[in-house]
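Q:
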Amino acid sequence: MNEEIKKDLEENAKEYYKNALEAEVRGEYNTSVTLFFKTISSLCDLFIVVKKGIMPSNHSERFRILETNFYEIYVLMDKAFPVYQESYKIKLEKSSSEKLKNDAKKLFELLDIKV
23 MNEEIKKDLE ENAKEYYKNA LEAEVRGEYN TSVTLFFKTI SSLCDLFIVV KKGIMPSNHS
83 ERFRILETNF YEIYVLMDKA FPVYQESYKI KLEKSSSEKL KNDAKKLFEL LDIKV
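In this note's numbering, the protein residues as written are 23 to 137.
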């Protein structure tokens, strides 16, 4: 079961990331931020599944597990979340997209996943 979950999370993260990059090239920064955040969320879940053997059921549980067990990743996610939330309210700029893209890259590297 865990292997299938890991595979799905990795494939989802790669799909979100690819589409985020394409949206960023088109200048669709709200879309790219949303997709980079989904990438980060999937990678955080994958990290938790790999390290703890459990799958968070929602954002709150993910944050709690990260804060308690993997503080460095929690800080990354905690800083990314408000940027993602802004995508609902305002028109975002390239700098917001680049910040979340860099966070996603860090997590891909941490998990030794090539993109």
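No residue lacks a Cβ here, since even glycine has one placed at the ideal position from N, Cα and C.
Is the Cβ-Cβ distance between Leu57 and Lys28 less than 8 Å?
A: no
Q: With H, G and I counted as helix, E and B as strand and the rest as coil, what does DSSP make of Arg48?
A: Note: Arg48 maps to coil in three-state DSSP.
Q: Hey, out of Glu25, Glu26, Glu37 and Thr90, whose CA is closest to Phe59's CA?
A: Per the Cα distances, Glu37.
Q: When the distance is taken between beta carbons, is Ile87 closer than 8 Å to Lys74?
A: yes
Q: Is Tyr39 helix, strand or coil when you go by DSSP?
A: helix
Q: On the CB-based measure, 16 or more other CB atoms within 10 Å of its CB, does Val47 come out buried or exposed?
A: Exposed: under 16 other Cβ atoms inside 10 Å.
Q: Report, in whole angstroms, the separation of the C-beta atoms of Ser64 and Ala102, which I expect to be a contact under 8 Å.
A: Wrong, their Cβ atoms sit about 13 Å apart, outside the cutoff.
Q: Run through DSSP, which three-state label would Lys121 get?
A: Helix at Lys121.
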